[in-house]
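When the sequence shown is numbered by the numbering used here, its final residue is 293 and no position is left out of the sequence of numbers. In what follows, a structure is listed as structure tokens, so that the remarks can point back to it.
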Amino acid sequence: MTSTRTAAVRAGIEGGWVDLRNSFTNAQDITYYLFIPIVSIAALVVMGDATFRDSGAALQTLALPSILGMSIVFSGISTAAMWLHLDRDDGTLLRARATPNGIAGYLVGKSLFITGSAAVTAVLVVVPGLILFDGFEASATAWVTLAAVFVFGMLATLPIGAVIGSLGDDPKKIDLIAFPILATIAISGIFYPITALPGWLQVIGQILPTYWIGLGMRSALLPDSMAAVEIGGSWRHLEMIGVLGVWTVIGLILAPILLRRMARRESGANLAARRLKVLQRVQ
Numbered sequence: 011m012t013s014t015r016t017a018a019v020r021a022g023i024e025g026g027w028v029d030l031r032n033s034f035t036n037a038q039d040i041t042y043y044l045f046i047p048i049v050s051i052a053a054l055v056v057m058g059d060a061t062f063r064d065s066g067a068a069l070q071t072l073a074l075p076s077i078l079g080m081s082i083v084f085s086g087i088s089t090a091a092m093w094l095h096l097d098r099d100d101g102t103l104l105r106a107r108a109t110p111n112g113i114a115g116y117l118v119g120k121s122l123f124i125t126g127s128a129a130v131t132a133v134l135v136v137v138p139g140l141i142l143f144d145g146f147e148a149s150a151t152a153w154v155t156l157a158a159v160f161v162f163g164m165l166a167t168l169p170i171g172a173v174i175g176s177l178g179d180d181p182k183k184i185d186l187i188a189f190p191i192l193a194t195i196a197i198s199g200i201f202y203p204i205t206a207l208p209g210w211l212q213v214i215g216q217i218l219p220t221y222w223i224g225l226g227m228r229s230a231l232l233p234d235s236m237a238a239v240e241i242g243g244s245w246r247h248l249e250m251i252g253v254l255g256v257w258t259v260i261g262l263i264l265a266p267i268l269l270r271r272m273a274r275r276e277s278g279a280n281l282a283a284r285r286l287k288v289l290q291r292v293q
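This is how it looks when you write it as structure tokens:
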């Protein structure tokens, strides 16, 4: 059993790398990689010389690390849910289920692909941002913190995406998850410090992982003096690890249960029925 599981995981890793490498030759994937960086840099340029209240902190400087956090949230939740649903509808998940420990290998490969894609997007945001805008830290400690927050962020969001992707058979429901994600971004201090929001919205924002991922990115790239505009005037690293850890645990508990249930329900008949519904909608 152990050797079979190891082989499945190894196959998943190899498949994930192949999918990631192939995505660099696919026009649609390349467009996806470029979309968030281009829109993000354009939004920062539009902000111009605006500052946050009387702090003198440039909104451009505050927003760039938060945008990195936003891209992680979208990759971990929305992208994971979308791929899981697409792979269920095209039979990939059914084929994985027919292979010993195939679901485990599938999840390893897909997680590697999504994490690699998110890393590419993050690099395409942060490198131009550091070149075009001032006020960022570029020390070795900053890069280590950036990488650590990225890993914590993906661990917290990928299981959530898997949970959402395992629920429901209607592709329209998967498409709609972008709206609640945007709502969480609006109250999580992405484009404007959360301290500018009403107190009750600040509480809600701090329950969600989006705020903490953005805060972690700001702690990595901004000088310590910039923490003055944050809640409590601190980067609150321990609280960040705690909240993201809780979300990771919740996701890792729920995701396997729901994914196993979804896999058990997969069959050739169910796949054919879903395809028939799609054809009927097209007609």
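Built from N, CA and C at the ideal position, the CB exists for glycine as well. Since the structure is predicted, the reported quantities are computational estimates derived from the model, not experimental observations.
Item                                                                                                                                                             : Value
Name, in chain order, the residues that DSSP records as bridge partners for THR61.                                                                               : ALA68
Which same chain residues, not among the five before or five after LEU262, have their C-beta less than 7 Å away from its C-beta?                                 : PRO169
Just to confirm, is the Cβ distance from LEU254 to ALA166 under 8 Å?                                                                                             : yes
Measuring CB to CB, does MET250 end up less than 8 Å from GLY215?                                                                                                : no
Does the structure place the segment 129-145 close enough to the segment 42-62 that three or more beta carbon pairs sit under 8 Å?                               : yes
Can you round the beta-carbon distance between LEU30 and GLY126 to whole angstroms, since I take them to be within the 8 Å contact cut?                          : 4 Å
Do LEU94 and ALA172 have their CB atoms nearer than 8 Å?                                                                                                         : yes
Using beta-carbon positions only, say whether VAL159 and PRO203 come within less than 8 Å of one another.                                                        : no
Tell me whether the beta-carbon of VAL118 lies closer than 8 Å to the beta-carbon of ILE23.                                                                      : yes
Can you find the residues in the same chain that come closer than 6 Å, C-beta to C-beta, to ALA60, ignoring five residues on each side of it along the sequence? : LEU69
Can you tell which of ALA91, VAL83, ALA152 has its C-alpha closest to the C-alpha of LEU316?                                                                     : What the structure shows of the chain is the stretch from 11 to 293, and residue 316 is not part of that stretch, so it cannot be assessed.
Within 10 angstroms of the Cβ of THR151, are there 16 or more other Cβ atoms? Answer buried if so, exposed if not.                                               : exposed
Judging by CA-CA distance, which residue of ILE241, LEU231, ILE48, GLY101 is the nearest neighbour of PRO208?                                                    : ILE241
Do ILE187 and VAL83 have their CB atoms nearer than 8 Å?                                                                                                         : no
Taking the alpha carbon of PRO190 as the reference point, which residue from VAL213, SER88, ARG246 has its own alpha carbon closest?                             : SER88
From ARG98, ASP99, ILE48, pick the residue whose C-alpha is nearest to that of ILE77; which is it?                                                               : ILE48
Kindly indicate the opening and closing residues of the alpha helix (DSSP H) around MET227.                                                                      : 219-231
Could you check where the alpha helix (DSSP H) with THR35 kicks off and where it finishes?                                                                       : Premise fails: THR35 is in no alpha helix (DSSP H) and is neither H nor E.
Residue range of the alpha helix (DSSP H) that VAL135 falls in?                                                                                                  : 112-142
So THR14 and PRO110 are in contact, right, with Cβ under 8 Å, and what is the actual spacing, rounded?                                                           : 5 Å
Taking the runs of the alpha helix (DSSP H) that are 4 residues or longer, which of them lie wholly in the segment 73-106?                                       : 90-99
If we ignore side chains and look at the alpha-carbon of each, how far apart do ALA157 and GLY101 end up?                                                        : 35 Å
Could you give the DSSP three-state label for VAL292: helix, strand or coil?                                                                                     : Low confidence applies here, because VAL292 scores a pLDDT of 46, under 50, leaving its location unreliable; read the following figure in that light. In this structure, VAL292 counts as helix in the three-state DSSP scheme.
If you compare alpha carbons, which of LEU103, LEU72, ALA230, LEU44 is closest to ALA128?                                                                        : LEU44
Using the Cβ count rule (16 or more neighbours within 10 Å means buried), how would you classify TRP257?                                                         : buried
For the alpha helix (DSSP H) containing TRP245, list its first residue and its last residue.                                                                     : Unbroken run through TRP245: none, as it is neither H nor E.
Closer than 6 Å by C-beta to GLY79: which residues in its own chain qualify, once you throw out the five before and the five after it? Chain order, please.      : ILE223, GLY224, MET227
Please classify SER13: does DSSP put it in a helix, a strand, or coil?                                                                                           : helix
Relative to the C-alpha of ALA132, which candidate in SER85, ALA106, GLU147 has its C-alpha closest?                                                             : SER85
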